[in-house]
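S.K.:
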Amino acid sequence: MEQQDILGTQGGGAAGAPGREVLRPATSASIRDAELTHVNEQGRARMVDVGAKPVTARVARAAGKVLMAPSTLELVRSGGTRKGDVLAVAQVAGIMAAKRTWELVPMCHQVPLSGVDLGFAYEADGIAIEATARCKGETGVEMEALTAVSVAALTIYDMCKSHQRDMVIERVRLMEKDGGRSGHFVRED
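The sequence shown lines up with residues 2 to 190 when you count with this note's numbering.
Next up, the structure:
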C-alpha cells in the first residue's frame with residue numbers, strides 16, 4: 002500500500018523525494034506520550050487555562066533572515082524600491098503582527114504586551130531580523146516575537162518581489178526567552 006504524506010499526496014511528491022522525511026499525523030497516543038499542553042486526554046486541541054498561573058515578567062527574542070541578491074539589497078539600502086521604505090514598513094508590520102498573534106495562532110492567548118521592538122541588519126547575503134517582545138502576564142511571549150519576525154520578513158519579501166522573486170526567508174527561530182515556570186532559555190547555535 003502506498004503511503005500518503007501529511008498533505009495527502011500519494012507516493013510522496015516533493016515530500017517523498019530522496020533525503021526528505023515524509024511527515025505523518027501524530028496519533029493520540031504519541032501526543033499524550035509527549036505531554037503536549039495544547040492537547041487534551043482524547044488527543045484533541047485545546048487552549049490551556051493559564052488563569053491560575055502567577056503574573057511574571059516575560060521576554061522573548063526571535064530572529065530570522067531574508068536572503069536576497071546584492072542588487073535587491075542595494076535597492077533596499079538606498080530606498081530605491083517602488084513601494085517605499087522597506088524596513089520602516091517591515092518594522093511597523095512586525096509590531097502590528099505581534100499585537101495580533103492571538104488572532105493568527107489558534108491556541109495562543111491574548112497577552113498584555115508592554116513592548117515589541119524590531120531590529121534589522123544588512124548582511125552580505127540579505128537582511129537579518131530580530132524581534133523582542135515583553136509583557137507581564139501568565140504566559141510567555143515567544144509566539145509574539147516569532148510572529149513579529151515572520152511578518153516583518155514577509156513584508157520585506159512583498160515590498161521587494163517586483164525586483165526579485167527568488168528571495169528566501171530562512172531560520173525563523175526563538176533565540177531566547179525568560180520568565181515563567183520553564184525559566185530561561187538561550188539558543189546555543
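Glycine is no exception: its CB is placed at the ideal position from the N, C-alpha and C atoms.
1. Quick check: the Cα distance between isoleucine 130 and valine 87, rounded to an integer number of angstroms?
2. Can you give me the Cβ contacts of aspartate 118 inside the same chain, cut-off strictly under 6 Å, excluding the 5 residues immediately before and after it?
3. If I'm right that threonine 57 touches glycine 184 with Cβ under 8 Å, what's the distance once you round it to whole angstroms?
4. Spatial neighbours of histidine 39 within its chain, please: CB distance less than 8 Å, with the 5 preceding and 5 following residues excluded, ordered by chain position.
5. Does lysine 100 have its Cβ less than 8 Å from a Cβ in chain B?
6. Taking the C-alpha atoms as reference points, what is the distance between glycine 44 and valine 51?
7. Tell me, to the nearest whole angstrom, how far the beta carbon of threonine 140 is from that of valine 112; I am working on the premise that it is less than 8 Å.
8. If you draw a straight line from the C-alpha of arginine 188 to the C-alpha of methionine 176, how long is it?
9. Could you spell out where the beta strand (DSSP E) holding serine 115 opens and where it closes?
10. For the candidate residues Thr156, Gly80, Glu75 and Val142, whose alpha-carbon lies nearest to that of glycine 95?
11. Within 10 angstroms of its Cβ, does valine 77 collect 16 or more other Cβ (buried), or is it exposed?
12. Where do the ends of the alpha helix (DSSP H) carrying glycine 95 lie?
13. Measure the alpha-carbon distance for arginine 182 versus leucine 74 and round it to whole angstroms.
14. Report the rounded CA-to-CA distance for leucine 114 versus arginine 135, giving the unit in angstroms.
15. Cysteine 109 lies in the beta strand (DSSP E); which residues open and close that run?
16. Got a sec? Which residues, its chain only, sit under 6 Å from glutamine 92 by beta carbon, not counting five neighbours each side?
17. If you draw a straight line from the C-alpha of arginine 172 to the C-alpha of tyrosine 123, how long is it?
18. List the residues that DSSP assigns as beta-bridge partners of lysine 66.
M.R.: A quick look at the data gives this:
1. Within the sequence shown, residue 130 is the residue found at index 129, counting from 1. Within the sequence shown, residue 87 is the residue found at index 86, counting from 1. One C-alpha to the other measures close to 13 Å.
2. For this step, residue 118 is matched to residue 117 along the sequence shown. For aspartate 118, where only same-chain residues beyond five positions count, the Cβ hits under 6 Å are Thr133.
3. Position 56 of the sequence shown, counting from 1, holds the residue named residue 57. Position 183 of the sequence shown, counting from 1, holds the residue named residue 184. That pair is no contact at about 11 Å.
4. Locating residue 39 in the sequence shown gives position 38, counting from the first residue. Excluding positions up to five away in sequence, the list reads Ala46, Arg47, Met48, Val49 and Met108.
5. Note that chain B does not occur in the displayed structure, where there is just one protein chain.
6. Here the question's residue 44 lines up with position 43 in the sequence shown. Here the question's residue 51 lines up with position 50 in the sequence shown. So the two alpha carbons sit approximately 19 Å from each other.
7. Along the sequence shown, one-based indexing puts residue 140 at 139. Along the sequence shown, one-based indexing puts residue 112 at 111. That belief holds up - the Cβ atoms of threonine 140 and valine 112 are roughly 6 Å apart, short of 8 Å.
8. Taking the first residue of the sequence shown as 1, we reach residue 188 at position 187. Taking the first residue of the sequence shown as 1, we reach residue 176 at position 175. About 5 Å.
9. By 1-based counting over the sequence shown, the position of residue 115 is 114. Note, serine 115: beta strand (DSSP E), 114-124.
10. As a position in the sequence shown, residue 95 is number 94, starting the count at 1. The residue from Thr156, Gly80, Glu75 and Val142 with its alpha-carbon nearest to that of glycine 95 is Thr156.
11. To locate residue 77, count along the sequence shown from 1; it is residue 76. Valine 77 is buried by the Cβ-count criterion.
12. Here residue 95 corresponds to residue number 94 of the sequence shown, with the count starting at 1. Residues 87-100.
13. Within the sequence shown, residue 182 is the residue found at index 181, counting from 1. Within the sequence shown, residue 74 is the residue found at index 73, counting from 1. Near 42 Å, if we compare the C-alpha coordinates of leucine 74 and arginine 182.
14. Locating residue 114 in the sequence shown gives position 113, counting from the first residue. Locating residue 135 in the sequence shown gives position 134, counting from the first residue. Their Cα atoms are separated by approximately 6 Å.
15. Within the sequence shown, numbered from 1, the residue matching residue 109 stands at position 108. Careful: cysteine 109 lies outside any beta strand (DSSP E) and carries neither H nor E.
16. In the sequence shown, counting from the first residue as 1, residue 92 sits at position 91. Leu119.
17. Here residue 172 is taken as the residue at index 171 of the sequence shown, counted from 1. Here residue 123 is taken as the residue at index 122 of the sequence shown, counted from 1. Cα to Cα, the separation comes out at about 16 Å.
18. By 1-based counting over the sequence shown, the position of residue 66 is 65. Answer is Ala129 and Glu171, bridged to lysine 66.
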